[in-house]
Each structure stands twice: as structure tokens, then as C-alpha cells.
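The next block holds one structure in the form of C-alpha cells; read it before the comments.
There are 2 protein chains.
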Amino acid sequence: MTPEEFRDAGHRLIDWIADYRINIEQMPVRAQVSPGEIKNRLPESPPEAPETIDRLLQDLDEIVLPGITQVQHPMHFGWFPSNASLASVLGDIASSGLGTLGISWESCPALTEVEQVVCDWMRQLTGLSEQWKGTIHDTASTACLTALLLAREQASGYSQNEGGLQSVPRPLVVYTTEEAHSSVTKATLLAGFGKQNLRLVEHEPTTRAMLPDALKNSIEQDIADDYQPAAVVASVGSTGVTAFDPVARIAEITSQHKIWLHVDAAMAGSAMLLPECRHLWEGIEAADSISWNPHKWMGTILDCALFYVKDSAHLIRVMSTNPSYLRSSVDREVTQYRDWGIPLGRRFRALKLWFHLRLDGPDAIRERLRRDLDNARWFAAEVEKTPDWRVLTPVNLQTVCIRHEPAGVEGEMLNAHTLAWVSEINQSGKAFISPAKIDGCWLVRVSIGVETCDREHVQCLWELIKSTASAGTDGFLMTNA
Amino acid sequence: MTPEEFRDAGHRLIDWIADYRINIEQMPVRAQVSPGEIKNRLPESPPEAPETIDRLLQDLDEIVLPGITQVQHPMHFGWFPSNASLASVLGDIASSGLGTLGISWESCPALTEVEQVVCDWMRQLTGLSEQWKGTIHDTASTACLTALLLAREQASGYSQNEGGLQSVPRPLVVYTTEEAHSSVTKATLLAGFGKQNLRLVEHEPTTRAMLPDALKNSIEQDIADDYQPAAVVASVGSTGVTAFDPVARIAEITSQHKIWLHVDAAMAGSAMLLPECRHLWEGIEAADSISWNPHKWMGTILDCALFYVKDSAHLIRVMSTNPSYLRSSVDREVTQYRDWGIPLGRRFRALKLWFHLRLDGPDAIRERLRRDLDNARWFAAEVEKTPDWRVLTPVNLQTVCIRHEPAGVEGEMLNAHTLAWVSEINQSGKAFISPAKIDGCWLVRVSIGVETCDREHVQCLWELIKSTASAGTDGFLMTNA
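Top line first, the protein sequences correspond to chains C and R. In this text, residue positions in the first sequence follow this note's numbering: the first is 1, and each later residue adds one. In this text, residue positions in the second sequence follow this note's numbering: the first is 482, and each later residue adds one.
What follows is the structure in C-alpha cells.
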């Protein structure tokens, strides 16, 4: 494709995207397709002859769009917000158009240095001290794996450079809570620690925050049993109920025992743009690594996960490679981001943060986040004052965990009722919310914060929830009568 | 930013990208900046007020462009081709515009199923059998780490679900050659095997291909010494000199001992689009995993690394997570790509392959690859027939390893001479080539294959190389006289 052909097709595509975003509210929120339906509409064999952009745009409309759960839809309240702000989309487009190759500073100095600068801007915007150095990973899962590798190598005295994990005498142990994101367990397993060496520390039943005394006891017991504590992963805004582990008190314990403390703030990092929220990660300066995702609530399009460490020399020592064909005379003066993560090559991801921050401006972003917090408080208050409805966990941020608990509906019956009304709403395409299982019981997470979601959408959701759940109760009680 | 503001800015950006690609040949190939120069041109603090797209485009022109080593420039012959074909860029733009969230099939069925389909198209286009199931990773580094985790868990009977790697009695061993990509060592270390358990198997001195008998001996010796062979990583088109390990003979050995065989075809996978090149990975069907990067020579913009396995159930068993908030009623019927790699969330990467294959068509892609092979043969022949010049390794694909060896220049003097003329060319901005150190001696890799690189560019490079190296010799011999 020539640049002029690209210009023509590109203009059509930009219009298509703008129209898509304008019309999104008319689409069902949840994808309305069955498993295999999209696959079956695509040819089994690759194309022979070139096709036109018209044909591609038509397929985007007819095949792709119905197969998307519209996370940019203002009635999407599922999982966590996954905003793809259009300002950041422009940065992503610039990155694609440039087609740069990030394998060393020399291969694209701009890619490296803009990333350094925007990571530092984000550090300042979230109130972190200058001791933190950042980079952009794809996801918090990868950042968590990286953190646990750093912990493993710290605890084992760089066993990777000698006999590996098998040569380490005492079993290394990782601590987190049941409430932590699934990626913590995954990273523990992938880093080689083994499931038996993952401790799910007791949490407070209501807030679901880690109990520091329980952590302390668990660590001391392990040391007594000849285990070696290596890492604690604290959740700052957990995925289930947005729980906040008490970082300051945890850090006292990890500092004392020289245990790596990774703070997973994938979701709540965005909140730290607001000074009034920073008490939620009080003590953060004593952690060893932090990850958080601008690609969630803040809205810098996926994939954009920030990963900060204080000791970048340790990070580089664990992750570095230095092949001859990438060496250059400036190696000592520059940052080589290939030594800050798993992949060698990287896209010019910094551009999406750069565009987002500059085109929208931090004030507008902060204003939007405050709007969402306000909407969450409003919604929680509505739920609380309505009979048979409960807010189940503290509303620390913008996610509200609720349940409809009509009289006489309990246990498995209540679970079935909850899943039934959620499913009905999701299937309707009018809104999307996610159920989550906590202590064996299903609840419903209403996660507010899509960029285009205003109070009216939250009101609309609440009406929909009430009517669907009530109707469900009637039918349900009759069926089970 | 509203969709209408995006529309306006997007059109400007598309024009900017088209113009950039048109004018790229007028720019220096190598970035002409010093360490810190770009950083120093950017504000230390984040912006306060929103800025305009004009300002951003101006900064792209004035700050970013000078800081890019132009891998899309037809005179770029460095590293490996890293083509960002404009057809694939359009797919990437569509992905950005859609802003989908790939965390489960349900979150975006189209993302999952288009990825399944295009991975299968690529399988067919490279002549692999139906037993291979594919997914898209960011890079071959990540794919290699994944492969070694699969090997580790196969060899250890899923130790990750119990006591982890520390509970495995015999040290697990990984085999590759010195010629393998740096990511193999990195993955071995990150997966916990330890450097002492990485065997660099002897290679044939000229082709630098692994010697199967040496592999066999090494494995047998390890077994005798109570080590447990776990994985072999074979290079199909190595990064240094495009060496090809003999996959068929290696697979005989790994099959016999039930050792995981990962084939790193990051570069040479593109060549497998050409039936006449497939003898280069003969025996591939007996491997356990394969990775190759359409984002290299084939030109589907980074990041797009294909990862294929035969036993996807094993892959899922090692990589799976199943948190409650992602469970849905269709889980058993669909593919959950979060269980095929490290990150939970993924972009709609399949769109760039889908657009690339459909807009350009496989025929045009194959034609371009054949043009590059022909140019490499022409260039190698020119070098070979020129006095004082040598082609050092077999020209298996499109990379030609050469050296200027004027009479009387040897050893460290020759190294200094080689680095001097390469450096002069790279600094001139007229072309870019990468030196590489093989057995202690520097050689120069001329890697042909940028999408816009025609015979005239290769001719131009050869004239530049000859004149620069000769002039260098004169000066060099005088300086050292």
C-alpha cells in the first residue's frame, strides 16, 4: 500500500471511528453473538487477491461490531472502566504511523526519552517522590510477574546467574490475600515459587483488606519453619470489591524482614491523580515496586500499564541482556528499556500518554474522575435507602458492590436470583454489569467510570436494576414455590 | 475529546503520517541526537492546560522525528527489517479506534475469533499442519519465555501447582547455541532454570548451526550426571548470522527423550510464506512450539509475534486463571486467550494481520519477499567478486554478513577498521547497518528487506560501503603506521 492509498483509506477509517464513537450509545452493550458465530462468518482460508478498504469497513460494521462488548458505551458498568480516550487514541495512531522499533536507545532515542519523561510526569501527577523510576508495560499482570522475579532474585542473591531457583535451599514464599487479582497467583506460579508457597493472608471480613498482624504472624511462622519470605503483593483497589490493603503497616513488616513489597494499584492508580484519594495508599514510598494502569479508569488506551521501581539497578540486573548487535557507544549514558521488562522490542507506547495528557490536560481528567466518584456515592446512597437492597462493601472509589436481598431468598436461592437478574440485564444489551463471587456468595459490581457516563446513565442503570431484579424475584419465587 | 474533535485531528494526523512516509527518504536514517537531547527539549513537569493537535504535530516534526532511527527508510539495513506496512497500520488504527478490551471471550468475541482465524490463516500460509494452534504475543522474547515455562512444567510434572521449582529434585536443563537470540538466555534465567543449567551446544563453525551430535552427547552426559533435560531452543534464522539449526535432526533427539522443542523462527518465519524456503525448517512438525514475528520482514506492524503450540491443553493448564468476575456460561465452548500467555488483557492485535493480509494480499507480500532474496543474492555476489571483501556466512535468506579485509589489517586492527567504517556510514545518515561480534571478530550484517527497498537502494549501499571502507583503510593505515 502506498502512502497516497493509505491517506485515502486512512481518512475513511478516521470517519468510521468518529461515527462509531458517536453512535455507540445506539448499540447493545454486550456482544450479541454466540460462540463461533464470528469465526463462521470469516473465510477458512486466507484471501487470495487484495481487497478494498470498503470491504474491510463493511466487515467491521457487519461482523466485528456485533462481536464487541462495548466498553466505551456509557451504560457499560462491567469489570473496571477501560477507557480509550480519543486523545490517547491519536497518540496510538501516531505510534502506528511512525512504525518505530524500540529495541535500544539507539533504535529510537525519542521512544526512550519520551517514555522517561511521561513516566516522570505521571509520577508527579500521582504525588510519588523522585526516587521512583518508571516504564510502560503492557499490563499489570506482566508488571506483577516482573515484580515477583525481582523479589525472587533479591531473596535468592541472584540465583538466576548461577544454579537457578532449584539451588536455593529454603523455599521462597509470596504473601497476598484471597482478594488479590488472579494475576498474582499466576505470576507466583510462573516465577516458579509454586502454589504451596503462596500464602493467602487473612483479611478483614468487611473491607477485605489484608490484616497486618496476620501477615506478621504468617511471616514469623514461615521463618520459624525454615521458609524464606520473599515478596508481599498488596492490593490497592482490588478487582473484586476495590479493597485497599494497608500499605503503611504492611511496609513496616516487609522493611523489617527485607521482603520485596509490590503494590498492585492497577485500578486505583488513577485515583492517585486526586490528592484527596492519596490516603488510600499511604505508606507507598516504602514499597519496592508499584504498578498501575492508565488504560483503566484514567483512560489512556490499552495497553498502558505503568511500572515503577526505586532500585532500577536491581531491575536492570535481573532483566538485562546485552547482545553485540545492540551495543553502541552511548550504552552507559542512556536508558535501555529492553532491560526493564520481558520483551526486547517495544512500540512507541509513550505517545498515547503524551497525547492524552497534552490534548485533554490533567485538569479535565481529574474533573472526570471526581464526577465518577460523585456518581458512585450517589448510586450507593440510592441503593442503601431502598428496601431489600444492600451495599456490601465500603465504597472506596467508583465501584459499588450491591445485592438485592428480598425477604425469604437466601443461600443458593439468592445466588441464583442474583445471577438471574444480572444475566437478564446483560442479555438485554441495555447495560452491562459483572457479578463476582465473594465468600461463596455472588454479588454485583457496578463499576462507574466510562468516559461518557454521566449521572443520567447511572440513574438509568439504577432504574433498570430495580425493575429487573423485582420482576425476577416475582418469577423466581413462583418458580421455586 | 469529542468524536468530532477527534475527526478533525485524526484527518490531520493521517495526512501527517502519509506525508512522513512519502518524505522519509529525505531524512537521515539514523537518529541524529545525543543522549538526553530529546528529554531536555521536553518540559520537566506535566502540562497544565490542554494543548492543540497543531502543537503536537509540530513537536512530532521538531522533537520526535529527529530522534528516530528510520527503520522504514529504504536505506535501513540494520538489525532485521521491521516493516510497518501501511495496510497493517490501518488495522492497528482500527484497533485503537475501537478501544476494545480483550480479557475474556465475552469481553470481545470478535477479538478472540478474528485472532483464531488469522492465526490459522498464517498457519496455512506457512505450510504448517492443522495440529498447530496459534495466538499473538507481543514479541518472540515473551513467546520464548512462555515456551520455557511450558517446558519447565512438562519436565517437572506441573511443579508450579505444588512446591514450585525448588521442589524438583534434579536440575532442569535448557539447550541452545551461542548463536541463539539473547532472549533465550533471558527466558532461561527468568523461568528460574539458572545460567548454570543453560548449555550452549557446539555449533558448526561456518554455518553456525547447532551440531545434533553435540546436542545428543550433552543430553546424555547430563542424564548420566543426574540432570534432567527439559528444553531445546532451536534457532531458525538466528539474529547474528541467520543460522539455521537442523530442526529435523534435533527433533529426533528431543522426541526420544521427551524434551520440549521450541523453534525460534522470529525472523525466518516470514520466509516460510515461500514454499521454496520451507526446507529451512524441515522437521518443524515434530517441534512443540514455534514463534515467529510477522512484525519483522513480513511487515505486520509491531507488536505481532505469532506463537504456535500443538498441545494447547498443556499451554492452558500452565497459563490459566479463572477469576469469578470473568466466568461466563460459555467458558467451555470458547477460547480464552488470557490463558495462552502472560498478560490478562490484550489489544485487538488480530486486526493488523487481518487488514494486512486482506488489503495487500499474500501474493504481493510473497513477491516482495522474493525481491529481497534476489537483492541479497545480488549483493552477496557483488561482495564476493570484489577484492579484499568477503561474505562470511552462508546467505540463507536476506541478511548478508560481510567484512572488508584489506591486506595487512588483522586482529584488533581489523576490528577497529570494521567498526570505523560502519560507524562512519551510520553517522552520515545515508544508510544504516549493524555490526555484530562473532567469535571475537566484528563483522557487518547487511539486512535487506525494508518494504520500500529496491535494487537501486542496495546498489547505492554497496557503493557507499566500498568508498567508505576504502577511504577508511587509507586513513586507518596512516594513523596506525
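Positions of the beta carbon are idealized from the N, C-alpha and C atoms, including for glycine.
Own chain, CB closer than 8 Å to residue i, minus 5 neighbours either side, in chain order
| i | result |
| --- | --- |
| residue 730 of chain R | 693 and 764 |
| residue 23 of chain C | none |
Those residues which DSSP pairs with residue i across a bridge
| i | result |
| --- | --- |
| residue 745 of chain R | R/716 and R/772 |
| residue 199 of chain C | C/175 |
| residue 391 of chain C | C/402 |
| residue 244 of chain C | C/236 |
Residue i (DSSP reduced to helix, strand or coil)
| i | result |
| --- | --- |
| residue 625 of chain R | helix |
| residue 924 of chain R | strand |
| residue 30 of chain C | coil |
| residue 691 of chain R | strand |
| residue 818 of chain R | helix |
| residue 516 of chain R | coil |
| residue 665 of chain R | helix |
| residue 860 of chain R | helix |
| residue 249 of chain C | helix |
| residue 759 of chain R | helix |
| residue 585 of chain R | coil |
| residue 750 of chain R | helix |
| residue 155 of chain C | helix |
| residue 229 of chain C | strand |
| residue 119 of chain C | helix |
| residue 309 of chain C | strand |
| residue 330 of chain C | coil |
| residue 918 of chain R | strand |
| residue 133 of chain C | strand |
| residue 73 of chain C | coil |
| residue 798 of chain R | helix |
Beta-carbon proximity list for residue i, same chain, < 7 Å, skipping 5 on both sides
| i | result |
| --- | --- |
| residue 708 of chain R | 651, 652 and 654 |
| residue 683 of chain R | 692 and 695 |
| residue 513 of chain R | 547 and 910 |
| residue 557 of chain R | 510, 551, 913 and 931 |
| residue 736 of chain R | 767 |
| residue 962 of chain R | Residue confidence is low: residue 962 of chain R scores 40 on pLDDT, short of 50, so the model does not pin down where it sits. No coordinate-derived value is stated. |
Within chain R, the residues that residue i reaches when beta carbons sit closer than 8 Å
| i | result |
| --- | --- |
| residue 31 of chain C | 587, 589, 590 and 591 |
| residue 116 of chain C | 520 |
| residue 163 of chain C | 652, 675, 677 and 678 |
| residue 68 of chain C | 579, 581, 589, 590, 591 and 592 |
Residues that residue i contacts on chain C, provided the C-beta gap is smaller than 7 Å
| i | result |
| --- | --- |
| residue 824 of chain R | 138, 139, 141 and 142 |
| residue 796 of chain R | Near residue 796 of chain R there are no residues of chain C at all, since even the closest Cβ is about 13 Å away, more than 7 Å. |
| residue 640 of chain R | 194 |
| residue 573 of chain R | 96 |
| residue 527 of chain R | 121, 124, 125, 357 and 362 |
Chain-ordered neighbours of residue i on chain R, where CB pairs are closer than 9 Å
| i | result |
| --- | --- |
| residue 75 of chain C | Here the premise fails: no neighbours, minimum Cβ distance about 15 Å. |
| residue 71 of chain C | 580, 581, 582, 588 and 589 |
| residue 20 of chain C | 484, 578 and 579 |
Chain-ordered chain C contacts of residue i [CB-CB under 8 Å]
| i | result |
| --- | --- |
| residue 649 of chain R | 166 |
| residue 802 of chain R | 182, 183, 185 and 186 |
| residue 705 of chain R | What residue 705 of chain R touches in chain C: nothing, since even the nearest Cβ is about 18 Å away. |
Closer than 7 Å at the beta carbon, the chain R residues around residue i
| i | result |
| --- | --- |
| residue 154 of chain C | The premise fails here: residue 154 of chain C is roughly 14 Å from chain R at the closest Cβ pair, so nothing lies under 7 Å. |
| residue 11 of chain C | 492 and 495 |
| residue 347 of chain C | 783 and 784 |
| residue 425 of chain C | Simply none; closest approach about 14 Å. |
| residue 334 of chain C | 516 |
| residue 7 of chain C | 495, 496 and 499 |
| residue 448 of chain C | None at all; the shortest Cβ gap to chain R is about 16 Å. |
Same chain, Cβ closer than 6 Å to residue i, five either side skipped, listed in chain order
| i | result |
| --- | --- |
| residue 573 of chain R | 782 and 833 |
| residue 618 of chain R | 624, 786, 788 and 822 |
Contact set between residue i and chain C, taken where Cβ atoms lie within less than 9 Å
| i | result |
| --- | --- |
| residue 715 of chain R | Neighbours of residue 715 of chain R on chain C: none; closest Cβ ~18 Å, over 9 Å. |
Residue i beta carbon near the ligand ZN (any heavy atom closer than 7 Å)
| i | result |
| --- | --- |
| residue 237 of chain C | You won't find the ligand ZN in this model; it holds no ligand whatsoever. |
field: Proximal residues, the region 668-691 of chain R versus chain C, C-beta separation under 8 Å
entry: Within the region 668-691 of chain R, the residues whose Cβ lies closer than 8 Å to some Cβ of chain C are 670, 671, 672, 673, 674, 675, 676, 677 and 678, listed in chain order.
task: Mind checking the region 373-403 of chain C against chain R and listing, in chain order, the residues whose C-beta falls within less than 7 Å of any C-beta there?
output: none
Residues, ordered as in the chain, of the region 764-784 of chain R that lie near chain C by beta-carbon distance below 7 Å: Listed in sequence order: 782, 783 and 784.
query: If contact means a Cβ-Cβ distance below 8 Å, which residues of the region 842-854 of chain R contact chain C?
result: 842, 843, 844 and 845
- prompt: Which residues, in order along the region 250-276 of chain C, keep a beta-carbon less than 8 Å from a beta-carbon of chain R?
  reply: none
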